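J.: Below is the structure I would like to discuss, written out as structure tokens.
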Amino acid sequence: MEPTSTHRPLRGEDGRFYRALDRARHLAGKWGRARWLATCAALYLISGFYFVLADQQAVVIAFGKVRERRVPPGVHWTWPCPFSRVEKLKVLETKRLTVGVEAPDQVLGRATGDTSAQFLTGDQNIINIRLAVQYRIQDPARYLFNTRDVSSLLARTVESTLSSVVARRKVDDLLTTGKVIVQQGVQSASQELLDRYGCGVSISSISIESMAPPGEVLDAFREVANAREDRERIKREADSYANQLVPRARGEAARLMAEAAGYCEGRINEAEGDAARFTSLAAEYVKARETTEARLYLETMEEVLPRLKKIVVEPGVDLDLVQRK
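Residue numbers (the numbering used here): 93 to 417.
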């Protein structure tokens with residue numbers, strides 16, 4: 093027995109009504125699906141917006157290629173995943189790397205031995221050095237894709253450059269006045285190599301944290317350093333003594349020169365006076381020869397006789413009486 097239907101056949105106005113209702117339901121279903129698809133598409137496209145912070149730059153990789161190498165800070169849009177992806181890097185952040193004594197191995201993540209920090213100097217001495225390297229990301233795209241491990245590459249580059257720079261200098265220069273030159277030389281040469289490798293980093297600074305001879309010869313180097321300090325101290329004391337003595341000697345020399353100049357001038361004046369007196373005497377001698385001779389004789393006797401221990405008397409004068417007087 094077949095079941096009976098509860099619906100009436102669609103006839104007349106009732107049939108048209110139900111047919112219109114079915115069409116409306118069908119259209120409503122189509123429009124609902126379209127709105128749903130449109131909403132999903134809109135949400136999908138909106139997910140392509142991304143925000144880059146003030147200290148960041150972004151790299152956009154779309155359809156397997158780098159489309160934008162340096163996206164500045166702000167709001168940007170790209171094709172959503174899986175067609176593209178965005179890599180954000182802090183380009184203003186200063187990263188730090190240690191090279192040398194007790195520096196961790198950049199690949200294995202463990203401390204290396206002291207042998208990795210020993211460098212041979214130009215005069216065949218061994219010295220331990222530890223450097224602190226500060227660097228920043230210069231080219232985000234190169235930093236991401238040109239090198240697998242930038243930190244390891246940077247550490248090996250700086251270590252190789254340091255070995256080359258140290259090999260051209262003597263150990264005494266390195267331990268005293270050569271540290272700044274070593275820092276500048278290593279930074280310049282390392283940056284040149286990194287630019288050649290295209291790893292996208294820029295070295296901000298390289299500073300020597302420690303530089304010392306190996307422990308086995310440390311005492312000998314300290315003795316040499318102490319001797320050098322004693323030499324410098326004695327030299328400073330000698331320079332100080334010379335600075336005190338030289339002005340004094342110069343003053344004494346100036347005094348003697350002044351006295352000599354005065355004595356010379358006095359002798360010249362005296363000689364000129366004697367010459368003038370002799371010339372005047374010669375003129376008088378020409379005018380009155382006998383009178384001049386007698387006067388000169390008497391003046392000479394007057395000057396000479398007081399210095400003689402002799403008594404001159406006239407004939408007939410009692411010598412004893414003169415001596416008692």
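For every residue, glycine included, the Cβ atom is placed at its ideal position computed from N, Cα and C.
This structure is a prediction, so every number in the text was calculated from the model and none was measured.
Reducing DSSP to helix, strand and coil, say where V338 ends up.
T.: helix
J.: Does the beta-carbon distance from K187 to Y227 come in below 8 Å?
T.: Going by C-beta atoms, K187 is nearer than 8 Å to Y227.
J.: Counting C-beta neighbours from all protein chains within 10 Å, is the total for A133 16 or more, i.e. buried, or is it exposed?
T.: Counting Cβ neighbours within 10 Å, A133 comes out exposed, since fewer than 16 surround it.
J.: Which of the three DSSP states is assigned to N238 in this structure?
T.: In the three-state DSSP reduction, N238 falls in the coil class, being neither helix nor strand.
J.: Name the two residues that bound the continuous beta strand (DSSP E) containing E160.
T.: K157 to V163
J.: Does the structure place the segment 132-151 close enough to the segment 216-223 that three or more beta carbon pairs sit under 8 Å?
T.: no
J.: Taking the C-alpha atoms as reference points, what is the distance between T384 and E376?
T.: T384 and E376: Cα-Cα distance of roughly 7 Å.
J.: Report the rounded CA-to-CA distance for R387 versus S372, giving the unit in angstroms.
T.: 14 Å
J.: Taking all protein chains shown into account, decide if E94 is buried (16 or more other Cβ within 10 angstroms of its Cβ) or exposed.
T.: Note that E94 scores a pLDDT of 45, beneath 50, so its modelled location is shaky; the value from the coordinates is reported in the next line. Looking at its Cβ environment, which holds fewer than 16 other Cβ atoms inside 10 Å, E94 is exposed.
J.: Look up M303 in the DSSP assignment and give the residues it is bridged to.
T.: I221
J.: Tell me, please, whether the segment 317-327 touches the segment 234-254 by the rule of three or more beta-carbon pairs shorter than 8 Å.
T.: Taking 8 Å as the limit for Cβ pairs, the verdict is that the segment 234-254 does not touch the segment 317-327.
J.: In angstroms with no decimal places, state the Cα-to-Cα distance between Q198 and L189.
T.: A caution first: Q198 carries a pLDDT of 46, below 50, which makes its placement in the model too unreliable to give a value.
J.: List the endpoints of the continuous beta strand (DSSP E) containing R188.
T.: K187 to G192
J.: If the criterion is Cβ atoms closer than 8 Å, does the pair V257 and A281 meet it?
T.: yes
J.: Given that a residue counts as buried once 16 or more other Cβ atoms are within 10 Å of its Cβ, and exposed if not, what is M303?
T.: buried
J.: Tell me the DSSP secondary structure of S139 in three-state form.
T.: coil
J.: Please name the residue or residues paired with G166 in a DSSP beta bridge.
T.: V144
J.: Which runs of the beta strand (DSSP E) at least 3 residues long sit entirely within the segment 239-315? Give them in chain order.
T.: 293-304
J.: Residues bridged to I153 by DSSP?
T.: Looking at the DSSP assignment, I153 forms a beta bridge with V158 and R177.
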